[in-house]
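Step one of this worksheet: look at the structure below.
4 protein chains.
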Amino acid sequence: MSLWGGAFLQPSDDDLKALNDSLRFDKRMYRQDIDGSIAYAQAIRDAGILDAKEAITLIQGLKQVLQEIESGSFFFVAGDEDIHTAVERRLTEIVGAVGGKLHTGRSRNDQVATDFRLWVMKTIETLNDLLKTTQEALIEQAEQHTETLMAGYTHLQPAQPITVAHWLMSYFWMLQRDRERLRDARKRTSFSPLGSGALAGTPLAIDRVKLANNLGFTHVSMNSLDAVSDRDFVAETLFTLAMTGVHLSRFAEDVIIFSNPNFGYIRLNDRYSTGSSLMPQKRNADPMELARGKAGRLIGNLTGLLATLKGLPTSYNKDLQEDKEALFDSVDTLSALLPVLIAVIKTLTFNTERLTASLTQDMLATDLADYLVNKGLPFREAHHIVGRVVRYASDNGLEMSQLPLEFLSDQSALFTEDVRQVFDFKQSVAKRATLGGTAPSAVNQQIETAKETLQNT
Amino acid sequence: MSLWGGAFLQPSDDDLKALNDSLRFDKRMYRQDIDGSIAYAQAIRDAGILDAKEAITLIQGLKQVLQEIESGSFFFVAGDEDIHTAVERRLTEIVGAVGGKLHTGRSRNDQVATDFRLWVMKTIETLNDLLKTTQEALIEQAEQHTETLMAGYTHLQPAQPITVAHWLMSYFWMLQRDRERLRDARKRTSFSPLGSGALAGTPLAIDRVKLANNLGFTHVSMNSLDAVSDRDFVAETLFTLAMTGVHLSRFAEDVIIFSNPNFGYIRLNDRYSTGSSLMPQKRNADPMELARGKAGRLIGNLTGLLATLKGLPTSYNKDLQEDKEALFDSVDTLSALLPVLIAVIKTLTFNTERLTASLTQDMLATDLADYLVNKGLPFREAHHIVGRVVRYASDNGLEMSQLPLEFLSDQSALFTEDVRQVFDFKQSVAKRATLGGTAPSAVNQQIETAKETLQNT
Amino acid sequence: MSLWGGAFLQPSDDDLKALNDSLRFDKRMYRQDIDGSIAYAQAIRDAGILDAKEAITLIQGLKQVLQEIESGSFFFVAGDEDIHTAVERRLTEIVGAVGGKLHTGRSRNDQVATDFRLWVMKTIETLNDLLKTTQEALIEQAEQHTETLMAGYTHLQPAQPITVAHWLMSYFWMLQRDRERLRDARKRTSFSPLGSGALAGTPLAIDRVKLANNLGFTHVSMNSLDAVSDRDFVAETLFTLAMTGVHLSRFAEDVIIFSNPNFGYIRLNDRYSTGSSLMPQKRNADPMELARGKAGRLIGNLTGLLATLKGLPTSYNKDLQEDKEALFDSVDTLSALLPVLIAVIKTLTFNTERLTASLTQDMLATDLADYLVNKGLPFREAHHIVGRVVRYASDNGLEMSQLPLEFLSDQSALFTEDVRQVFDFKQSVAKRATLGGTAPSAVNQQIETAKETLQNT
Amino acid sequence: MSLWGGAFLQPSDDDLKALNDSLRFDKRMYRQDIDGSIAYAQAIRDAGILDAKEAITLIQGLKQVLQEIESGSFFFVAGDEDIHTAVERRLTEIVGAVGGKLHTGRSRNDQVATDFRLWVMKTIETLNDLLKTTQEALIEQAEQHTETLMAGYTHLQPAQPITVAHWLMSYFWMLQRDRERLRDARKRTSFSPLGSGALAGTPLAIDRVKLANNLGFTHVSMNSLDAVSDRDFVAETLFTLAMTGVHLSRFAEDVIIFSNPNFGYIRLNDRYSTGSSLMPQKRNADPMELARGKAGRLIGNLTGLLATLKGLPTSYNKDLQEDKEALFDSVDTLSALLPVLIAVIKTLTFNTERLTASLTQDMLATDLADYLVNKGLPFREAHHIVGRVVRYASDNGLEMSQLPLEFLSDQSALFTEDVRQVFDFKQSVAKRATLGGTAPSAVNQQIETAKETLQNT
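Chains as they are written, first to last, in the working numbering: chain A, 1 to 457; chain B, 458 to 914; chain C, 915 to 1371; chain D, 1372 to 1828.
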């Protein structure tokens, strides 16, 4: 019989039970539920609801339940509609009627919200660590390639030469923002709803601040109606994870394209490529395709929860039970994805021959314009002149460096013999040495800053 | 060792396996996979790839695999990365090397697409039946209440009296459109991709049309690149289910509001109400709140898949593996929800006392305007006059029928003694007898049409 | 003063007006509004509400309003909160008090729904034509390239040789499904809500079927509550357009990748490429990037509307006013995009040299496996053997055709001199001649079917 | 001729222009564009690219362009494809060829990103102020109603008595979190990309930190590839606004339900209610319905951008042009909505008679259980006993306070005469005096904390 059944004559319908019951997915919060109950037992002992002995009995009972669950000797029974009733049911089996006192002044509404927040706070730490390890892997690879040149792209068209390290580090900063967003989301998760009752607050003289601190919360909620229905922390975490998914999808897209044989810049380790049942020569970047594809799912989980929350009436509504599966799925998705991506990054190899071959002189067009600008020509004019030069070279199947000086000086008298120095990829890169630029010197500085950032965040 | 491992020296990484493997969710397509393989064995026998004996061996082996799965004697082993490899692995254990011939000219790409389409076609039938039963429940209730009056709302403000049956039947037509959309989605699912190979078509002389028909498809795909990557049928089905979810969420919202005690129009059966752990008097419409909330999840599943599909390069990409979990989740959601909703509808009771009390004379304002219009006043003028009458009545705490005739005739000389007849809710309803109107006569006709529609669709 | 102001003492707030007023975007439905009013005037004349002269006056007045709008001599005035009030206001200025009769028995609720459905029905035709033209452009290009070979990809890894026409035609079928979805959406749009009143139906003896047919609707709505709040047709159209956007985004991705210089398969016409302000050599496929990016917006418009509809109470709610801007935006997006894409497709040029160079012998691995299969080896074994061959060739920097026969026959005794015939791309393609395959013969048949399809749909 | 046209022989297609051009929507960033250019002119002067006189000329020219735009004397011309080219075109008209120097080392990519970030930073301030004013309006109303009682709901079922102020304040804290999220989003927006060039960094010796500070940025971006393509700040702002929209939709839902006549708790001021064209008595809460409905649009804008960003290749792609309209629309939506909501809140009136009538004794069931708990009964037992009492009272049409003591003491011997004191709503509320509870004392404390929070954030 369910805990709330007192007022009903008929048992609830089986189909309804199947629809209602959340044990299937919320059982993973068992530890948070027990931690919350232990802290709550202490709080209502302090408030005079339990005497010292009752409190000890309950706490020892709860610890036994925890031990049973973790050792695998705990069995769910029919009627355990969620992890909260399961724990309380077993507790009462162990400690007897005093188990019925634990719920005094507490509602499923504030209990569930507390458990879930604790779970999210812990999970954010875990994801933060995974992301940090991903960042470290990027730095590790970048340090090997601060001088390796490659074509830099905009619009997937070769634009200017860059360093491989610069490309790798661009993803470092995306993940850094993701971690900062996670930290901010955690900050707003760390508000204890415990002591809000079902909706109106508790009539017990509970010290909510002490109770919150005992559980690791930094703040307490200030309004009980809000406390039992606030799922902003779920939506915000889902958003952060969707954003992370988008970043990983962009990295994945790059790796997929760069490991296409026409590029051939990158080779995934055999362990992270898969073949085809029909085409044995294929080296499919499956994990990267999954990384790209799963961004969709992360976006969908966010969208779904926001739509669920939209238009809900005041305070707790059962619709809110939809909060967990979406988040669990997003967390599981990234928890499965990131270890693979870390391994992929660590074992990426770069084909320097192909990278070098990717550099073509038209990628120095900007440098050629800069040459004219340095000689005093306004940039816009330089730009138009170089545009004509590029087209001429292209139309005649020549490299720009093969164009006769006479042709160039016909275009602008500012072109003189020293123009030859422009056609050097290494120098082109080295020039972009300002903060955030692609020059090895700037990239080394970038990597230093990245390392400091990792230490401090 | 995985089936595609021939070209690789190192085993794939465990984390990657966990990420890649789809057995966890695609095993529910075991029957479609086996059906597809049986039909394919026949097709390649007809094409001369298998001799008659080999074909029989394979088909009998496949039937044994099916029997093992359905009887629970089938065990998955490490290396079964998806249902397709699991079935083929077991088949080869049973029939020996000839099992390796089944895959001739077939790719995982066309195999998976075939299995999934078959599964979707079957599932659409199941959902169609559930929706039809929901519609029947609505009709059943409506037939009890073709003459029961209630307040009709727009903007959740009482507007005009309607019949309860009319309200119930409004949901019938929403579900009817959903079923028609499902039927259209099924029509576009019923294209067989089998015989498309990995991407370029099959070199075997397979009769694709016969093969398709054997499997229950009505059409064959016309382009192999499209065939292996077309997931429109998934997105379209997800859209249809999201739309259904939206309709159910609207019904849920009505039921939740109408069963609030301030309304009290509706009482959910005890079996479909739940209490509160702290407030035993509550009669929460939990299944309706879940119905409302789960619309979000259905929307999220659709959004997620569309985002996954967006920007994919030509032909098959591993991202497409993300198609199944979203659809399985939407299907499971509605499969869990609809039986409960059907039971809720069948056991709904209406509180006629409260429904009658919901009818207030200001809901006859339109009828009063119609009265003036019938006497020749342009509608806009009638409207303004009645507006003043309503406000006067409201300001003076009077029902409109209590206003002295002198007052009314001061507003318009057209008001005469016969205005008293306007203040009759039953007559107000009876007047709206045009097709689709709320009059009992029109609603009876509507129900008849609904029944015919059910028989024909 | 607004038309509904009679019951209010204070004018509505300016900010509210700005929020409420929909004239800004709904004015584009002026023709549908006037058409609807003309038909409605005829219907209420037939129902005896208007005499023949009044009806003529109203209809002539409405035609004058239309003429004024189309000639640019119509001016909106303060108080025109939407196109419906603007038209009615001007009508009344022209025809006097009889203008106030037009609204008899009609509500803004059924009027707006009618206008919007008419607009959607017309717009679907327009989009259908644009999509058809896009399909024709694909066929036109495909016909030039039924024998041009290129690498076919899965996972963006070269897999098997295909024909360019086959690649182009894969998009034909996606758009075909989109058009069929549009047709189905139109079918469900073609239900006239006119005569549903505000929510409860009309008390007038209107022949709703005749009225519907006069306006071009094929059906009438069967339930007035549903009729005034059904926005399925908007959501379904938005879904269809989002799906189209996804298809175009895939085509765009291909074109962007294929026009990257490392591929160089495709060259966009100068008119449809853009340069860079800093890098004059760039040939950015801007329209394709926009096509890819705008798929997001189309998905967002769909998601947004579904979230808006979720959980709405019975019948009309003002939330429904949010239906139009989303659809207008999706329609405008595709209306701007498709003409550019059509031009892009028509002017695409293919670099046959680069396409030929894209064909590498490892793409014949499947053919090599087929060779062994044809000699009786089960496919799975053939697959493993060829896997070893591919790796050996790759490790030794050799083409497969350069491998000595001794090496091959060491792998399998089935390899004999005739294996040389396998290494022919043209033959590889020609073999895939089954329906939907990439062989020129099959592609020609595909194109024929496509042309017939265009004629019939 | 467009600025990048140098390399092209043919003019760009008109349709393409229409598709590409962003002037239509990006012109609202004119001030940020000019501010950015002024600061950039100073930076390249400091870097020696401009001499002092040239810098003054450019800056004065830019100020004149600003003045022309703000005074309405600026005219866009054909070829002004975005605000950046329009400003530069006009600048060059004013200052001559030196205008062509402004773009030295700057790309459209870093320029656009800079302008948009500046615009977002400013806009966040504006929205923050609007939200703060909304919070102040809530406090203002709450202070009037710290002792006004009403039914508190969970599941839209009456649960426990609460104070009106407590209900109002629940929305204060939601908006507070929204403002904190905005602040965090602004923090991550405040990174200057200027000096990143097109993708690889600038070759000029620009002091990027000084340049950033001059523009009001607190940080500079650390990687140029990331800098030109990072749109996290847009997505994060869109998420924050969607979350705000969800909160407003919940408030809207409450107000819509509470102003339904069956509730009658709330009356919207006439200025913020609208009538119906057919039903003059209606008092539709249109602005609240729009608030509820527009949450969908805000969710859609977020979803759309995330889908657009998903899977983009490295660095800048034209797809990113899709970032602005979504954000502009979300900002405009809230900018139109919030002033109306503020006015609605300020002018809300509460019907204390109806609020009092909403309190029914079954809402004291929890208090009755607490009564037994205080006498030593475990909560779970108390709960079951009270459940039976509630059902008995309900079945017999009695208030709980009307039940004879004998009946109660039959249920539990702990019920004695003093049970009568339980049936007092005021006392029930007053008991919930813990932090965050609904008691007037706790609510007063809550309001004080809220005021302090407003001062500090």
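Where a beta carbon is used, it is the ideal one built from N, C-alpha and C, also for glycine.
Need the endpoints of the alpha helix (DSSP H) that residue i sits in, please.
i	result
Tyr-828 of chain B	822-831
His-1161 of chain C	1146-1172
Glu-1239 of chain C	1237-1261
Which residues mark the beginning and the end of the beta strand (DSSP E) in which residue i is found?
i	result
Ile-973 of chain C	Taken as a continuous stretch (DSSP letters only), Ile-973 of chain C belongs to no beta strand (DSSP E), being part of the alpha helix (DSSP H) at 966-985.
Tyr-1520 of chain D	Looking at the sequence itself, residue 1520 of chain D is Leu, so the reference to Tyr does not match. Its beta strand (DSSP E) spans residues 1520-1525.
Ile-506 of chain B	Ile-506 of chain B -> no beta strand (DSSP E), and no H or E assigned at all.
Ala-616 of chain B	614-620
Mapping the DSSP letters down to three states, classify residue i as helix, strand or coil.
i	result
Ser-1799 of chain D	helix
Ser-192 of chain A	strand
Ala-212 of chain A	helix
Ile-663 of chain B	coil
Gly-758 of chain B	The sequence as given places Asn at residue 758 of chain B; Gly does not occur at that position. Three-state DSSP puts Asn-758 of chain B in a helix.
Phe-25 of chain A	helix
Asn-1655 of chain D	strand
Val-1448 of chain D	coil
His-145 of chain A	coil
Thr-549 of chain B	helix
Under 7 Å Cβ to Cβ from residue i, same chain only, skipping five residues before and after it: list those, please.
i	result
Leu-1394 of chain D	Phe-1447, Asp-1451, Glu-1452, Asp-1453, Ile-1454, Ala-1457
Val-1469 of chain D	Glu-1425, Thr-1428, Leu-1429
Leu-1677 of chain D	Ala-1606
Ser-1812 of chain D	Ala-1804
Gln-111 of chain A	Gly-36, His-84
Give every residue of the same chain whose Cβ lies closer than 6 Å to the Cβ of residue i, excluding the five residues on either side of it in the sequence, and list them in chain order.
i	result
Leu-865 of chain B	Phe-872
Arg-267 of chain A	Thr-349
Phe-1131 of chain C	Ser-1104, Ser-1106
Gly-5 of chain A	Below a pLDDT of 50, predicted positions are generally treated as unreliable, and Gly-5 of chain A, at 43, falls in that range; the measurement from the model is reported next regardless. Closer than 6 Å at Cβ, skipping near neighbours: no residue.
For residue i, which residues from the same chain have a beta carbon less than 8 Å from its beta carbon, with the 5 sequence-adjacent residues on both sides left out?
i	result
Arg-1460 of chain D	Val-1448, Gly-1450, Asp-1451
Original post:
At a Cβ cut of 8 Å, what residues of the segment 1697-1721 of chain D count as close to chain C, listed as they run along the chain?
Top reply: Ala-1697, Ala-1707, Leu-1708, Pro-1710, Val-1711, Ala-1714
Original post:
Can you list, in chain order, the residues of the segment 1104-1138 of chain C whose Cβ is nearer than 8 Å to any Cβ on chain B?
Top reply: Gly-1109, Ser-1110, Gly-1111, Ala-1112, Leu-1113, Ala-1114, Gly-1115, Thr-1116, Pro-1117, Leu-1118, Ala-1119, Ile-1120, Arg-1122, Val-1123, Val-1134, Ser-1135, Met-1136, Asn-1137, Ser-1138
Original post:
Can you find at least 3 beta carbon pairs, one from the segment 1796-1811 of chain D and one from the segment 197-208 of chain A, that sit closer than 8 Å?
Top reply: yes
**OP:** Could you name the residues of the segment 1164-1190 of chain C whose beta carbon sits closer than 7 Å to any beta carbon of chain B, in the order they occur along the chain?
**Re:** Arg-1164, Glu-1167, Asp-1168, Ile-1171
Subject >> Positions along the segment 1212-1224 of chain C whose CB lies within less than 8 Å of some CB in chain D >> reply: Leu-1212, Ile-1213, Gly-1214, Asn-1215, Leu-1216, Thr-1217, Gly-1218, Leu-1219, Leu-1220, Ala-1221, Thr-1222, Leu-1223, Lys-1224
Subject >> Contact list for the segment 373-384 of chain A against chain D, Cβ threshold 8 Å >> reply: Val-373, Pro-378, Phe-379, Arg-380, Glu-381, His-383, His-384
**OP:** Taking a Cβ distance cut-off of 9 Å, strictly less, list which residues of the segment 126-154 of chain A are near chain B, in chain order.
**Re:** none
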